[in-house]
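Colleague:
Residue numbers (UniProt numbering), protein chains in the order written: chain A, 1 to 478; chain B, 1 to 478.
1. What's the gap between the Cα of residue 183 of chain B and the Cα of residue 26 of chain A?
2. Below 7 angstroms between beta carbons: does that hold for residue 326 of chain B and residue 88 of chain B?
3. Taking the Cβ atom as the reference point for each residue, do residue 48 of chain B and residue 404 of chain B lie within a distance shorter than 7 angstroms?
4. Just the chain A side, please: which residues come within less than 8 angstroms of residue 117 of chain B by C-beta, in chain order?
5. Mind listing, in chain order, the continuous alpha helix (DSSP H) runs of no fewer than 4 residues lying wholly within the stretch 294-373 of chain A?
6. Counting only beta-carbon atoms, is residue 202 of chain B nearer than 7 angstroms to chain A?
7. Check whether the stretch 121-138 of chain B touches the stretch 289-303 of chain A, taking contact to mean three or more Cβ pairs, one atom from each stretch, closer than 8 angstroms.
8. With a CB to CB cut of under 7 angstroms and the five nearest residues on each side skipped, what residues in its chain are close to residue 331 of chain A?
9. Skipping 5 residues on each side, what residues in its chain have a beta carbon closer than 8 angstroms to that of residue 78 of chain B?
10. Is the separation between the beta-carbon of residue 225 of chain A and that of residue 203 of chain A shorter than 7 angstroms?
11. Mind checking residue 480 of chain B: buried by the 16 CB within 10 Å criterion, or exposed?
12. Go ahead and pull the three-state DSSP assignment for residue 449 of chain A.
13. Identify each residue in the stretch 423-434 of chain A for which the Cβ-Cβ distance to at least one residue of chain B is less than 7 angstroms, and report them in chain order.
14. Can you check whether the C-beta of residue 30 of chain A is within less than 7 angstroms of a C-beta belonging to chain B?
15. Might you give, ordered along the chain, the residues of its own chain that have their beta carbon closer than 7 angstroms to the beta carbon of residue 159 of chain B, omitting 5 neighbours on each side?
16. Just curious, the beta strand (DSSP E) that residue 28 of chain B is in, first and last residue?
17. For residue 447 of chain A, decide whether its Cβ has a neighbour in chain B, counting only Cβ atoms nearer than 7 angstroms.
18. Give every residue of the same chain whose Cβ lies closer than 7 angstroms to the Cβ of residue 9 of chain B, excluding the five residues on either side of it in the sequence, and list them in chain order.
19. Along the alpha helix (DSSP H) that carries residue 239 of chain B, what are the first and last residues, could you check?
20. Using DSSP's beta-bridge definition, name the partner residues of residue 431 of chain B.
21. For residue 198 of chain B, which of helix, strand or coil comes out of DSSP?
22. List the DSSP bridge partners of residue 71 of chain B.
23. Say whether chain A places a C-beta atom closer than 7 angstroms to the C-beta of residue 1 of chain B.
24. Using 8 angstroms as the threshold, is the stretch 413-421 of chain A in touch with the stretch 258-275 of chain A, meaning 3 or more CB pairs across them?
25. What's the C-alpha gap between residue 459 of chain B and residue 268 of chain A?
26. If you measure between the beta carbons of residue 378 of chain B and residue 59 of chain B, is that distance less than 7 angstroms?
27. Hey, how far is the Cα of residue 285 of chain A from the Cα of residue 223 of chain B?
28. Given that residue 352 of chain A touches chain B, what residues does it touch there, using C-beta distances under 7 angstroms?
29. If we define contact as Cβ-Cβ less than 7 angstroms, is residue 322 of chain B a contact residue for chain A?
30. Just to confirm my understanding: we take residue 314 of chain B, look at its own chain, exclude 5 residues before and 5 after, and list those with CB closer than 6 angstroms. What are they?
31. Using only the heavy atoms of the ligand NAD, determine whether one of them is closer than 6 angstroms to the beta carbon of residue 145 of chain A.
32. Verify whether the separation of the beta carbon atoms of residue 211 of chain B and residue 93 of chain B is less than 7 angstroms.
33. Please state whether DSSP places residue 261 of chain B in a helix, a strand or coil.
34. Cutting at 6 angstroms between CB atoms, please list the residues of its own chain near residue 324 of chain A, excluding the five before and the five after it.
35. For residue 186 of chain B, which of B:213, B:163, B:153 and B:166 has the nearest alpha-carbon?
36. Nearest to residue 388 of chain A by CA position, among A:451, A:443 and A:467, is which residue?
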């Protein structure tokens, strides 16, 4: 049994966490103290800690100790698989969105769970300042002329070089720099689809891309998604038999909003499908770098054999939205995308590209990510736990393995738009589920971002939301 | 006669310039020396100098003296008024353009008269560096979140405040910041026209916008233009009777390529026309700040009474192309343009906006412009003179009062695309006229940028071009 002693230690520690002897946010005693307390070696305690880290219960910070992230008891189910929505429809987005966006801009003092965006406190402000200073020093007149339409060659090289992390093999020539991922997706769509064409995507899906699709006059078919495994390949095949499909748009890792991550097998199958059917697949892997597990997950492009997969991504979610640097690797459509990019805005601003290049090639980006990822994981677990505590029984939640958002199914009958209105009155913002579909579905769903630095105020806001939901349920009963 | 003595002095000096006693580029003797030589007061010499400056023959530099710009004899006619081109056509751009653009990118060591872009030596590099350093110092986390879709409020205020210079009265809310003027024009077009709609524009017209129109699937009608006065209003009216026109796109000041500037009366009439016919007019006033006369000219928006004029502009031609900061004031279509901007790339990078704001509100931009404008004027006059000297008799040239380019009509029978190919072989780049129309016209026209710092190499390249043209004419004869 000696070899498994660390399991007993881990169990003991887990109990102490669940009974709140060591509540969430508290530091655990040092390795040394625990080894004395349990009369085992420091190595054994360390093994127990690693187990608890793997279970997501504690967070190890070198030198500064181990912090409790969450209790292991979480009695909340996953959201249900969304239903099939058949027929290609023109996108007519929920009329609530423009209003919400305006409120979002106007009330920046609200507690906002609306935007999938890093808290200001999580941005690498000093590294960015340094990189800008370096960029301004390195700036030559040549940098201030028109940048190449596909972007700074050194920056493209850096991005391409990083593709080995997701099992890709891009070269600098495969990459096109854009003003953010939304522009990348828009350019890819314009390269392969014309007004009136049909696009397939997972349901629920990010409203920003839905709006872009609307602006381009494209139709969509929504494929039912699942918070764990994403779309179903058989259904994808079937839809593509029933409709003349110009492209699929997917988010292979940590889908926004439902958090789904496609398995490697499914990614591989979709790449093969794209090739076989000659249907371009646009993979918006914008959250891939924000994985909570140790390894950077693959994406669909990782398995792209002959250029039918168009990968899009950006640094908006991992560095700073204000940078507006995204990119795509549009495979066989690269030349067309570059041409459209040139005709849209000639090129992306060279100064920002230089500054991002600095962040990447000095290692500042990777150092930032190493700190950011466990921090985001912790924030998500804290949010999960608070929702479990304060939302009514019957609430279901996604368990994403990365990214910034939770997808929450409220008990049937709860009206998320009404909840949103109540929340606004209470100076809280959430994203009602109807935004994430063209079908009117998800009336009892909300998306909440988990990227606010944790505070009493955040926890209270979640409690308030819970009370609002319970109020609504009471009223519905009467 | 005493009061008009300065006219005689001016005549005397003009003769000395034309007979090359004081050749182009040479400093004139000091005020003091000339007053001694002609036995008149320094004030009288100064009045003569002002006259010569007004005639564009000399350039006055405070403290550093007066330099000869050009001789007053310029025996070159203006290009002929372009012919009416009837019928709305889908844009199918000259197949030569993609090839030319690639060559342009690949051979940056060539002498290039191709791009309408400032010479690296004319960019305010140090001011830009300083502004970036300030921006990086002032940078807060909030700046790094998503910028408002319509742009930084302070920057919009600065731009709006400058509208009084062109007799406009914009407020910050009228302005939308974009990634350059081409994006601004594209967004304005998308706001008012759908695929298949017809756009009216002046012929010849900037190929970049022609390509954008092509990418949007729009048709065009080309109105004949004139290098002095631009389009004819009666013809505009007539075309709009014959076609259902979704919008007009014009460049009211220093049209690219033919240099035309609309008169204030015509600007006013076009604004009234837009209002009367309810046809949006997009005015791409991107060169307006590069006027050679003392006053900043008005544009069509100056006379816009109720929002049918959509003004576009940028700092690419006056500060640096790599900044990619443009803007538009889309009048009654502002909300739609902001929405399209948000769906295209969310917002323009905040850091670059901050840096440009610095340039504007510290006065660095205006100081730069005050130096830049006479410098560009001088370069244009030098180019005019060299072309007169080296190109064959029968060459005709525009005389723009601002901007960066000359529009040159070569003797009939000269093939500008062939000339372009010869020039490339001689490591020189020009823009053949066929790029500037969808009609196949302008086969014997070229556009040449005048924004290269003057050097022996530049002059020799113009001489080489002249010889190539003469060679072609000889071969044509045989």
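From the three backbone atoms N, C-alpha and C, an ideal C-beta is built for every residue, glycine too.
This one's a predicted model, so the numbers in the text were calculated from it and none came from an experiment.
Modeller: Inspection of the coordinates gives the following:
1. 51 angstroms
2. Taking C-beta atoms as the reference points, residue 326 of chain B and residue 88 of chain B fail to come closer than 7 angstroms.
3. The beta carbons of residue 48 of chain B and residue 404 of chain B sit no closer together than 7 angstroms.
4. Think of a sphere of 8 angstroms around the beta carbon of residue 117 of chain B: the chain A residues whose beta carbon falls inside it are 145 and 146, in chain order.
5. 334-345 and 350-361
6. no
7. No, the stretch 121-138 of chain B does not touch the stretch 289-303 of chain A.
8. The answer, listed in chain order, is 304, 307, 308, 309 and 310.
9. 227, 228, 396, 397, 398 and 399
10. yes
11. This structure cannot settle anything about residue 480 of chain B, because the visible part of chain B is limited to 1 through 478.
12. DSSP places residue 449 of chain A in the strand class (E or B) of the three-state scheme.
13. So the list is empty, because no residue satisfies the distance condition.
14. So, not an interface residue.
15. 175 and 327
16. It is not in any beta strand (DSSP E) - residue 28 of chain B carries neither H nor E in the DSSP assignment.
17. no
18. 38, 40, 44, 45 and 48
19. DSSP places residue 239 of chain B in the uninterrupted alpha helix (DSSP H) bounded by 233-242.
20. The beta-bridge partner set that DSSP reports for residue 431 of chain B consists of B:447.
21. strand
22. Per DSSP, none; premise fails for residue 71 of chain B.
23. Below a pLDDT of 50, predicted positions are generally treated as unreliable, and residue 1 of chain B, at 41, falls in that range; no measurement from the model is reported.
24. no
25. Taking the straight line from one Cα to the other gives about 60 angstroms.
26. yes
27. 47 angstroms
28. 349, 351 and 352
29. yes
30. 180, 181, 286 and 326
31. Absence of the ligand NAD is noted for the structure shown, with no ligands found whatsoever.
32. yes
33. coil
34. 179 and 180
35. B:213
36. A:467
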